[in-house]
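Asks: Provided herewith is a single structure, encoded as structure tokens, for subsequent inquiry.
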Amino acid sequence: MLNEEMIRAVVHGFYDSIRDDDLIGPIFNNAIPPKAWPPHLEKMCDFWSSTLLRTGRYGGRPLPPHLIIPDLGEAHFRRWLFLFHQTVTRLCPPEVVKLFMDRALRIAQSFRLAIAFNRGESTVTVAPITIESLSDPHAIGSPKCG
1 MLNEEMIRAV VHGFYDSIRD DDLIGPIFNN AIPPKAWPPH LEKMCDFWSS
51 TLLRTGRYGG RPLPPHLIIP DLGEAHFRRW LFLFHQTVTR LCPPEVVKLF
101 MDRALRIAQS FRLAIAFNRG ESTVTVAPIT IESLSDPHAI GSPKCG
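Everything in the sequence shown is counted per the UniProt record's numbering, starting at 1 for the first residue and increasing by one.
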């Protein structure tokens, strides 16, 4: 059963993996100074707690910081989802994996559409990413969204 302890394990495990990732690690490490990581992790725990457990602890706006990242594209979202899926699969029972991934896929699609729109690109071609497409590591290097 999903609880705060599991959310904390997922958030910390996931961000440990992305900070070392060749593709998306530099994006996060450039945006978040070393001293800011502990508060960022707490904020992400609050986000997932609010999103999945409806605790109301997160009151932020997650999209705006992503809109200002230059060249954030399809490959980055696919890699983020791939690593997130690996983390939740390793740490959670199947029903909780589904809960996390359903929400993560919806968030990614919303962000991808907003980024394309914000850049003046067509949103018609921004098809949803599926879990099945993430199982192939070669699918991660797809072209930019939009």
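The beta carbon of each residue, even a glycine, is placed where N, CA and C say it ideally should be.
Give the list of continuous alpha helix (DSSP H) stretches no shorter than 4 residues that lie fully inside the segment 79-144.
Replies: Entirely contained in the segment 79-144, the alpha helix (DSSP H) runs reaching 4 residues are, in chain order, 94-118 and 131-134.
Asks: Among residues of its own chain, excluding the 5 on either side of Leu-63, which ones have a beta-carbon nearer than 7 Å to its beta-carbon?
Replies: For the purposes of this step, residue 63 is taken as the residue at position 63 of the sequence shown. The answer, listed in chain order, is Phe-111 and Ala-114.
Asks: Tell me the DSSP secondary structure of Pro-38 in three-state form.
Replies: Along the sequence shown, one-based indexing puts residue 38 at 38. Helix.
Asks: Grouping DSSP H, G and I as helix and E and B as strand, with all else coil, what is Leu-52?
Replies: Taking the first residue of the sequence shown as 1, we reach residue 52 at position 52. In this structure, Leu-52 counts as helix in the three-state DSSP scheme.
Asks: Which word fits residue 150, buried or exposed, when buried means at least 16 other C-beta atoms lie within 10 angstroms of its C-beta?
Replies: Limits of the chain in this structure are 1 at one end and 146 at the other, which puts residue 150 out of reach.
Asks: Spatial neighbours of His-12 within its chain, please: CB distance less than 7 Å, with the 5 preceding and 5 following residues excluded, ordered by chain position.
Replies: Within the sequence shown, the letter at position 12 stands for residue 12. The answer, listed in chain order, is Leu-41.
Asks: Would the segment 17-24 and the segment 41-57 be scored as touching if the rule is three or more Cβ pairs under 8 Å?
Replies: Contact fails: fewer than three Cβ-Cβ distances are below 8 Å.
Asks: Are Leu-52 and Leu-99 close, meaning C-beta to C-beta below 8 Å?
Replies: The residue you call residue 52 lines up with position 52 of the sequence shown. The residue you call residue 99 lines up with position 99 of the sequence shown. Yes.
Asks: Where does Leu-2 fall in DSSP's three states?
Replies: By one-based count along the sequence shown, residue 2 stands at place 2. Here Leu-2 sits in coil by DSSP.
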